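Novice: Below is one structure. I have some questions about it.
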Ligand code: 5GP
Ligand code: MG
Ligand code: MG
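Numbering (UniProt numbering), first residue to last: 1 to 186.
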């Protein structure tokens, strides 16, 4: 797998350090809320980030997943995502923190927030490991007094590792790196 990587953008150590900081910020921000937040991971990409993040949050949080798919095995979004797995927990009047691997065009998150808002969440925050602001096409809204947390701003390269895939591979890399273009142009 490593041979398919052009260069590493964030090492395992850098990821651990940043995830710990995000978790401390979330702990501080939600400590005084009467009901602890629900962390809603967007499958599959957020699974490693979510697993590391929740273990550093010092609050009795709940965890759930939602599945949105728009990419298939290509490297570009094809518009509105489908929700092939919906939230299991009742999020009405709850604080929801959507946990994403990466925000690219913003399509997925925009649809996801609208979907969760209809279910009556009292606030919707977003915690994304990576954000590619240069590629944004649609803006997402935060609901209630929802907050925005971002691990790192990502340059406009197709990145893999730490949960992020190309054609379902490379998720188990411990770092995040740029995939060699010849791999996805094959
Ligand atoms: P958006 O709807 O914001 O365009 O795309 C969000 C989803 O696209 C992410 O959750 C992720 O699954 C995928 N995506 C966007 N950019 C990248 C990237 O650089 N690498 C990988 N592996 N997935 C990406
Ligand atoms: Mg995602
Ligand atoms: Mg993917």
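Ideal Cβ placement from N, Cα and C applies to all residues, glycine included. These figures come from a predicted structure and were not determined experimentally.
In three-state DSSP terms, what is residue 207?
Specialist: The chain is shown only over 1 to 186; residue 207 falls outside these bounds and no answer can be derived.
Novice: Tell me whether residue 100 sits in a helix, a strand or coil according to DSSP, three-state version.
Specialist: Residue state, collapsed to three classes: strand.
Novice: What do you reckon, is the C-beta of residue 113 under 7 Å from a heavy atom of ligand 2?
Specialist: For ligand 2, not one heavy atom lies less than 7 Å from the Cβ of residue 113.
Novice: Considering only their Cβ atoms, is the gap separating residue 163 from residue 18 smaller than 8 Å?
Specialist: No, Cβ-Cβ distance for residue 18 and residue 163 is not below 8 Å.
Novice: Please tell me whether residue 96 and residue 60 are closer than 8 Å, where the distance is taken between their beta carbons.
Specialist: Going by C-beta atoms, residue 96 is not nearer than 8 Å to residue 60.
Novice: DSSP three-state call for residue 178: helix, strand or coil?
Specialist: Residue state, collapsed to three classes: strand.
Novice: For residue 121 and residue 3, I'd like the C-alpha separation in whole angstroms.
Specialist: Taking the straight line from one Cα to the other gives about 44 Å.
Novice: Of the choices 42, 26 and 43, whose alpha-carbon is the least far from that of residue 55?
Specialist: It is 26 whose Cα lies nearest to the Cα of residue 55.
Novice: With a Cβ-Cβ cutoff of 8 Å, do residue 101 and residue 45 count as a contact?
Specialist: Yes. Within cutoff.
Novice: Between the C-alpha atoms of residue 195 and residue 139, what's the straight-line distance to the nearest angstrom?
Specialist: A question about residue 195 goes unanswered here, because the residues of the chain that appear run from 1 up to 186.
Novice: Give a single yes or no on whether residue 102 has its beta carbon closer than 7 Å to a heavy atom of ligand 2.
Specialist: Yes, the Cβ of residue 102 comes within 7 Å of a heavy atom of ligand 2.
Novice: If you count every other CB in all the chains shown that lies within 10 Å of the CB of residue 11, and 16 or more means buried, which is it?
Specialist: Result: exposed.
Novice: According to DSSP, residue 220 sits in a beta bridge with which residue or residues?
Specialist: In the structure displayed, the chain extends from 1 to 186; residue 220 sits before or after that span and is not available.
Novice: Of the residues 87, 52, 94 and 13, which one's Cα is nearest the Cα of residue 34?
Specialist: Of the listed residues, the one whose Cα sits closest to residue 34 is 94.
Novice: For my contact list, residue 40 and residue 66 are in at a C-beta cut-off of 8 Å; report their separation, rounded to the angstrom.
Specialist: That belief holds up - the Cβ atoms of residue 40 and residue 66 are roughly 6 Å apart, short of 8 Å.
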